[in-house]
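Number of protein chains: 2
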Amino acid sequence: MSYKFSQATGRTKRSEIRELLKWTRKPSVISFGGGLPDASLFPTEEFAAISREVLEKKGYLALQYGTTEGENEFLDAISAHMVSFGDQVGRENLCVTTSSQQGLDLMAHIFISEGTPIVLELPSYLGAIQTFQRNGADMHGIPMDENGIRLDLLEETLVKLQRQQRLPAFIYVIPDFQNPSGINMSVERRKGLLSLARRFDVPLIEDSPYREMNFSGTVLPSLWSLAEGKGVIQLKTFSKMLLPGMRVGWIAAEPEVIEQVVKVKQTTDLCTSSFNQLILASFLNQGKMRQVINRAIGLYRPKKDAMVSALAKYMPRGVTWSKPDGGMFLWVVLPENLDSNDLFMTAIEHNVAYVTGRPFHCDGSGASTLRLNYSFPSLENIETGISFLGQAVAEHLDRKKA
Amino acid sequence: MSYKFSQATGRTKRSEIRELLKWTRKPSVISFGGGLPDASLFPTEEFAAISREVLEKKGYLALQYGTTEGENEFLDAISAHMVSFGDQVGRENLCVTTSSQQGLDLMAHIFISEGTPIVLELPSYLGAIQTFQRNGADMHGIPMDENGIRLDLLEETLVKLQRQQRLPAFIYVIPDFQNPSGINMSVERRKGLLSLARRFDVPLIEDSPYREMNFSGTVLPSLWSLAEGKGVIQLKTFSKMLLPGMRVGWIAAEPEVIEQVVKVKQTTDLCTSSFNQLILASFLNQGKMRQVINRAIGLYRPKKDAMVSALAKYMPRGVTWSKPDGGMFLWVVLPENLDSNDLFMTAIEHNVAYVTGRPFHCDGSGASTLRLNYSFPSLENIETGISFLGQAVAEHLDRKKA
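Protein chains in written order, with the numbering used here: chain A, 305 to 706; chain B, 305 to 706.
Put into structure tokens, the structure is as follows:
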């Protein structure tokens, strides 16, 4: 049989990272790849109790088809959750998604035709880039500084696109503890971004998976709250609040956007598991989500500190890294002449793995960057693994000089 | 904010049926719309026990990210399930999906670019038509007779398309107890379809949600088994085996197709809930799925018989209907001058609702058809509701004559 695949299939690249991560199956390798939560924090006992309760009291709902928008009980629970982080939202603003990757998928569907211009950060989340690419987006990457997306460069791009009558369908950003850079967008930058987006009448997509994983205790206002929900679409998920196996997230947006989201979601998976929604609604309503978040922060912060210290201890001169106040990742910039792809096999020989930085750049730049995850490895492995990485970088620098 | 939506958004129609079904919220209305399983059959007690077991023994897997292909334990359990229905399959042929609606979504992604010709039955599953339409498919509908898709008309269409060098990307059929027609494709027709597809080198998509809901006990060979898995893609789901709330299904196909499916699934939702997969794996391995299927058949068959008898008792002359040996639906054809859309409000006045037939036709035909669901309503409501429907049809015929 000769299958004739679509253009979208051709545009969808096999993940470079996925290929590289195969090496991490070698048992001796300490992996800082992936973005997994620490499984020791999983609330399995609470989930078993809540699953029973949901099935006993609401089995007729939990195992049945649900509405596309989501179960009312769940929508109310996530509203309350958002309000507790400073975001006002009502049922009419919400649609449940099968994780925030589906949020990205639905954004691609409703906004991107072949050649549609969009704007995103350099670097940005790999899974977003792949999904936007699948739909044939014309991606414009804007570099970041330590305060987030650079507004001078963004304005330049918007002016240029406006002249071509090709204003972007949206600007996609991850303001809180960005993946992969770890950068937390400053309040001033958030306000500036919003006012620029308004001037050009371009919607903002605020991907917000790490907002809750905040080590500092200072929660910055979201774009959603600064804009009072106008012109901003927020993507959320429980995957980084420790429950990726549930595959539940949501979209907050103006009702006219939610209407399109719901219509298209019907063509992708009809509805998200009611069973999983009702379990999470109880988990939220019983205040257990907050406990899990606090436990995660208590575990991740020392891991991040340990990784930052280990980098200072073991990295050769010329290497720099972020010192994030939340999220799950550290971003490392190697000296200019070093390519993290070339370094990878040397690192594997030294029994340590990471994720290369290039796939996070929609313009193919970022060769000298790499991402390290600190949420999954143990404190001990962080120290050991970073010492291995330091050796690999040093060896590679020597080779380059030779 | 002025949102600029994509071409796909424009092509995705708000479901006509969804609008009509709003009327069924009127408490006095007996609804034969929808396609819900009977909730009295939900195995809530078994699910509570299995959920606890899964969380206790495999919580680290159940609540974690899984692989895109699916959990090995789940893939092995569905292989065994397929084998028990005569279909040989290995792990390399499988990818889990978030219900079979995602199976359809992935088929649309990997095969349909704007204008790609595809072939489907007249009528066919509404959810498939909407998804294919979203991606801009050029749909060619082939009428059915009591044995399934008409091969003479299919051949004519394939010859015509071949002359234009536009052979379809696939032929989409639902051989077992088709939704909406209830028709079970005969063995001869299955073989003829396969040989025609091979002659023109066109893949077959075999959507197979109702295969297990078989009242006769005689299981016909699937296209997958007749083709020994070559050139056939089978879409499966647990939604019609009574567990729509789990949102778990799968795709069986040749490895080269699975490779594309996996790549694209990563852009849509990364992976399907491991928690739900592991629960279903245990449920299958403990033999409980077979028990649930048998309980459902024991309940649905008398409901189907009751609906067929009630139609014979209450329908005016000129109305015909299918007498399916499985599945969840009866298909009704009204006398030619009656439009089921026009009839709808009369039916609601008589406190009965159904699903109009036109949205199941990719060419906009089928005005005089309608679909009745018998799995959800009670035996008593079936008798009463069909008597109401008989009155509505009679009244409408009288009005037409007047």
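From the three backbone atoms N, C-alpha and C, an ideal C-beta is built for every residue, glycine too.
Note that the structure is predicted; figures quoted are calculated from it, not measured.
For B/Tyr369, the secondary structure class from DSSP, reduced to helix, strand or coil, is coil. Nearest neighbour of A/Phe309 by Cα position, chosen from B/Asp511, B/Glu360, B/Val565 and B/Asn397, turns out to be B/Val565. Put simply, the segment 505-520 of chain A touches the segment 625-637 of chain A. At least three CB pairs are less than 8 Å apart. In this structure, B/Phe633 lies near B/Pro484, with their beta-carbon atoms less than 7 Å apart. Along the segment 571-604 of chain A, the positions whose C-beta sits under 8 Å from a C-beta of chain B are Thr571, Thr572, Asp573, Leu574, Cys575, Thr576, Ser577, Ser578, Phe579 and Asn580, read in chain order. Taken through DSSP and simplified to helix, strand or coil, B/Gln590 comes out as coil. Counting C-beta pairs closer than 8 Å gives fewer than three between the segment 352-368 of chain B and the segment 497-509 of chain B, which falls short of the contact rule.
Put simply, the CB of A/His413 is near chain B, with a gap under 7 Å to one of its CB atoms. If you draw a straight line from the Cα of B/Asn397 to the Cα of B/Glu558, it comes to about 6 Å. A straight line joining the alpha-carbon of B/Ser679 with that of B/Pro606 spans about 10 Å.
With a contact defined as Cβ atoms closer than 8 Å, A/Asp573 and B/Asp409 qualify at about 7 Å. Bridge partners of B/Leu426 according to DSSP: B/Pro447.
With distances taken between CA atoms, B/Arg675 lies nearest to B/Ser644 out of B/Met305, B/Ile433 and B/Ser644. 7 Å or more divides the Cβ of B/Ala353 from the Cβ of B/Ile422. The residue from B/Glu699, B/His385, B/Arg515 and B/Gly374 with its alpha-carbon nearest to that of B/Asn589 is B/His385. Residue range Glu320 to Leu325 is occupied by the alpha helix (DSSP H) that includes A/Leu324. At a C-beta separation below 7 Å, A/Gln406 has these neighbours in chain B: Thr572 and Asp573. The beta carbon of A/Glu320 lies closer than 6 Å to those of Pro663 in the same chain, with the five residues before and after it left out. Residues of the same chain with a CB within less than 8 Å of the CB of A/Leu324, apart from the 5 flanking positions on each side, are Gly337, Phe648, Ala657, Val659 and Thr660 in chain order. In the structure shown, B/Ala473 adopts coil according to DSSP, grouped into three states. Within the model, the alpha-carbon separation for B/Thr402 versus B/Lys567 is close to 15 Å. Non-local C-beta neighbours of B/Arg493 in its own chain, meaning closer than 8 Å and more than five positions away in sequence, comprise Asn451, Gly452, Ile453 and Leu455, ordered along the chain. Along the segment 350-368 of chain B, going in chain order, the ones with a CB nearer than 7 Å to a CB of chain A are Phe351, Ala352, Ser355, Arg356, Leu359, Glu360, Gly363, Tyr364, Ala366, Leu367 and Gln368.
Contiguous beta strand (DSSP E) elements confined to the segment 504-569 of chain B occur at 508-511, 536-541 and 553-556, taking only those with 3 or more residues. In the DSSP assignment, A/Leu465 falls within the unbroken alpha helix (DSSP H) covering Leu455 to Arg467. Boundaries of the beta strand (DSSP E) harbouring B/Phe633: Phe633 to Val637, taken from the DSSP string.
Bounds of the alpha helix (DSSP H) holding B/Thr650 are Ser644 to Glu653.
By the neighbour-count criterion, in which 16 or more other beta carbons inside 10 Å mark a residue as buried, A/Asn488 falls on the buried side. Straight-line spacing of the CA atoms in A/Glu653 and A/Lys330 works out to 10 Å. For B/Arg318, a Cβ of chain A is located within less than 7 Å of the residue's own Cβ. It is roughly 10 Å from the alpha-carbon of A/Ser344 to the alpha-carbon of A/Leu603. At a C-beta separation below 8 Å, A/Leu547 has these neighbours in chain B: Leu367. In the structure shown, the three-state DSSP call for A/Asn376 is helix. About 27 Å separates the beta carbons of B/Ile601 and B/Val358, which is beyond the 8 Å limit, so they are not a contact pair.
Of the residues B/Phe587, B/Lys317 and B/Glu425, the one whose Cα lies closest to the Cα of B/Glu349 is B/Phe587.
Listed by position along chain A, the residues whose Cβ is nearer than 8 Å to that of B/Gln466 form an empty set, because the closest Cβ is around 13 Å away.
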